[in-house]
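These notes concern the structure reproduced below.
In the working numbering, the protein residues as written are 1 to 181.
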């Protein structure tokens, strides 16, 4: 199977994860990535940049595996004429913006909690065919935080079928390379 990994914030830890994925699978992986700078911009502009690159030189991928730093709905909207309709889309959560703590240095913290990035993660999760988390704790904390997150928004209350998200969620722990010990 030809799988494309799409990651607009390709850090060293994401590279280690990708390399482990390639080494432990019989599938063929390609990647479409951007360097790990300005994470908030990567979730917006990076998604558009990667969509443009995908549209200019797309291949016949049988599956897309995006990471949590990608606005999946925006990516799919920009690539709809080029995505294979039968190709499943998985979303891998290295972390998430709903439960990830704000840095004390983040200017948004002083302005009040910015829900936009958490909402991108939520809408991406709704759209994906399968959700993959790097730990059970990460999966459970994300899914159980959703109702409280939605309670802060204006009425009528938005309800999300958490059970459906849970049903399509799986945990795949990051690899471990014992050769470094």
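Glycine is no exception: its CB is placed at the ideal position from the N, C-alpha and C atoms.
Inter-residue Cα distance where the pair is residue i and residue j
i, j, result
"residue 89", "residue 5", "10 Å"
"residue 70", "residue 39", "10 Å"
"residue 28", "residue 3", "6 Å"
"residue 53", "residue 43", "16 Å"
"residue 123", "residue 162", "12 Å"
"residue 77", "residue 23", "31 Å"
"residue 160", "residue 152", "14 Å"
Unbroken alpha helix (DSSP H) run spanning residue i, endpoints
i, result
"residue 167", "162-167"
"residue 136", "136-151"
Rounded Cβ spacing between residue i and residue j (contact assumed at less than 8 Å)
i, j, result
"residue 121", "residue 68", "6 Å"
"residue 98", "residue 145", "5 Å"
"residue 34", "residue 50", "7 Å"
"residue 158", "residue 143", "With 8 Å as the limit, residue 158 and residue 143 do not qualify as a contact, their Cβ atoms being about 16 Å apart."
"residue 12", "residue 46", "About 17 Å; that fails the 8 Å criterion."
Nearest candidate by alpha-carbon position, reference residue i, set the options
i, options, result
"residue 75", "161, 7, 114", "7"
"residue 117", "73, 154, 85", "73"
"residue 56", "36, 64, 66, 81", "81"
"residue 1", "11, 59, 37", "59"
"residue 64", "36, 141, 30, 170", "30"
N-terminal and C-terminal residue of the beta strand (DSSP E) that residue i is part of
i, result
"residue 130", "130-133"
"residue 91", "89-93"
Open item on the list: Using 8 Å as the cut-off, can you tell me whether the stretch 124-143 makes contact with the stretch 89-98, which would need three or more C-beta pairs spanning the two stretches below that distance?
Closed with: yes
Open item on the list: Counting beta carbon pairs with one atom in the stretch 159-179 and one in the stretch 130-141, are three or more of them shorter than 8 Å?
Closed with: yes
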